[in-house]
Amino acid sequence: MRAVQITRFGGPEVLDVVDIPEPEAGPGQQLYEVSTAGVNFADTHQIENSYLAEQRLPLVPGAEFVGTPAGGGQRVVGLLDGGGYAEKAVASPRLTWPVPDGVSGEQALSLVLQGTTAWHLLRTSAHLAEGESVVVIAGAGGVGSLAVQLARRWGAGRVIATASSPEKRKLAEDLGAHVTVDPALADEDPKAFTAALREANGGKPVDIVLEMTGGNVFAGSLSALAPFGRLVAYGMASRTETKAVPPGALMQRSRAVIGFWLAHCMARPEMLDAAMTDLLQQVADGHLHPVIGGRYPLSDVRQAHEDLLARRTTGKLVLDPAR
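Residue numbers (our numbering): 1167 to 1489.
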C-alpha cells in the first residue's frame, strides 16, 4: 500500500511516499480503508521527535482518519496511535465514531482531534462559565476556529482571538470573535501583548486563555489573567519552552495554569464519546461550522507540512491517500 513513512527525524523533507506492507490488525483492532487522513500541527512535532511522547523509527505519521472497515461497512472517523498517512490503517473500534449523513469526511476529521480538544479545553480544563471572557490563541487554526465558535455558543461574555494576518483575523471575527489581536506584539515584549489582550477586553484582565504557542505568548497571556483566571496550555508551536512559573506569581492573582493533552482522553474513551456526540450533532444541525483549510494529495504531504509551519493555512488540513 502507499503510505508516508519517515526513516529519520527532521522537517517536511523527511516525509517520503513509499510502498510498504499493509498493517495487520492485532487483538481488539480492525483494519480500515482510509478515504481521508487528517494533518495536525502535532504531526510536525512527531516527525521531529520533539513532542510529548518519544517516537521510534521507522514510522508512518497520522493520528486520525475517515474510512470504512476493510471489506465494507459504516463510514467512521477515528483516532490512531499513528499510521494515518496511508491507504490503510489499524485502529481500535472503541476509538471510532459513525459519521452521520450530511457530514463530510473533512468536517468529521476537524472534530475528532481538534474539535474534541477545543471541547475539553473549554468544558473540562477551563470550566467556562457564562459571561466569562475567553482568549483563543491562533483563533483561525484547526482548534482555535472551533474554540471561538464553541465559546460563543456556550455563553462567553467576550471572545478575543489572536491571528497572524488581517485575513485570519477577519475569519476569526466572522466565526464569532468579538475582537482580534495580532500575536506579533509578543515577539519582542510580552508586556505589549498583555496590554493588547486587556485592551481588547475593555481594559480588564481576562478570565480564560487557551494557549498553544509558548514563549512570550504564554508569558504575556499569563500576565493578562484576572483573579481566578485560567490559562490552559495545549501546545508549544514556537518550539520554545516556558520558564517555570513561580508559585508566588500564581498566588498573587489566584491564577491557574492547566495543561491539556488529548492522549489522556484516549485512555478514557467515554470522555471522547461525550465530545464527539455533541460535536457531530452540532455540525449535522448546522450550528458548528468547521473551517476546511485544504485537501492535499498524499504525494504532496511535504507541501502540507510546509504550509502549516509557515502559517499559510487556516482550519483543517487533510490528505487524500488515493492521489
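For every residue, glycine included, the Cβ atom is placed at its ideal position computed from N, Cα and C.
Which residues DSSP lists as bridging residue i, in chain order
i: S1299; result: R1324
i: K1518; result: No answer is possible for residue 1518: it lies beyond the span of the chain, which begins at 1167 and ends at 1489.
i: V1256; result: L1197
i: E1377; result: A1399
i: G1425; result: A1399
i: G1499; result: In the structure as shown, the chain starts at 1167 and stops at 1489, and residue 1499 therefore has no counterpart that could be examined.
i: R1168; result: D1185
i: L1225; result: I1172
Distance, residue j Cα to residue i Cα
i: L1277; j: R1419; result: 34 Å
i: H1344; j: G1310; result: 14 Å
i: R1260; j: A1219; result: 22 Å
i: I1424; j: L1397; result: 6 Å
i: T1479; j: G1250; result: 20 Å
i: L1288; j: A1317; result: 7 Å
i: D1466; j: I1213; result: 16 Å
i: E1472; j: P1264; result: 31 Å
i: V1170; j: A1203; result: 11 Å
i: G1368; j: N1382; result: 22 Å
i: A1450; j: P1413; result: 45 Å
i: A1338; j: M1437; result: 27 Å
i: G1281; j: A1358; result: 30 Å
i: V1411; j: G1233; result: 43 Å
i: A1295; j: A1366; result: 19 Å
Per-residue burial, residue i [other beta carbons within 10 Å of its own, 16 or more giving buried]
i: Q1240; result: exposed
i: M1442; result: buried
i: D1209; result: buried
i: G1481; result: buried
i: M1417; result: exposed
i: H1293; result: exposed
i: L1275; result: buried
Start-to-end residues for the beta strand (DSSP E) that takes in residue i
i: T1262; result: 1262-1264
i: E1230; result: 1230-1235
i: P1463; result: 1458-1463
i: T1290; result: From DSSP, T1290 is part of no beta strand (DSSP E); its letter is neither H nor E.
i: V1242; result: 1242-1245
i: V1180; result: Per DSSP, V1180 belongs to no beta strand (DSSP E) and is neither H nor E.
i: T1346; result: 1345-1347
C-beta contact flag for residue i and residue j at 8 Å
i: N1206; j: G1271; result: no
i: V1314; j: V1301; result: no
i: R1364; j: G1395; result: no
i: S1389; j: E1377; result: no
i: A1392; j: K1370; result: yes
i: D1185; j: R1174; result: no
i: P1189; j: K1254; result: yes
Span of the alpha helix (DSSP H), counted from its first residue to its last, around residue i
i: Q1469; result: 1467-1475
i: L1277; result: Note, L1277: premise wrong, no alpha helix (DSSP H); not H, not E.
i: T1360; result: 1356-1366
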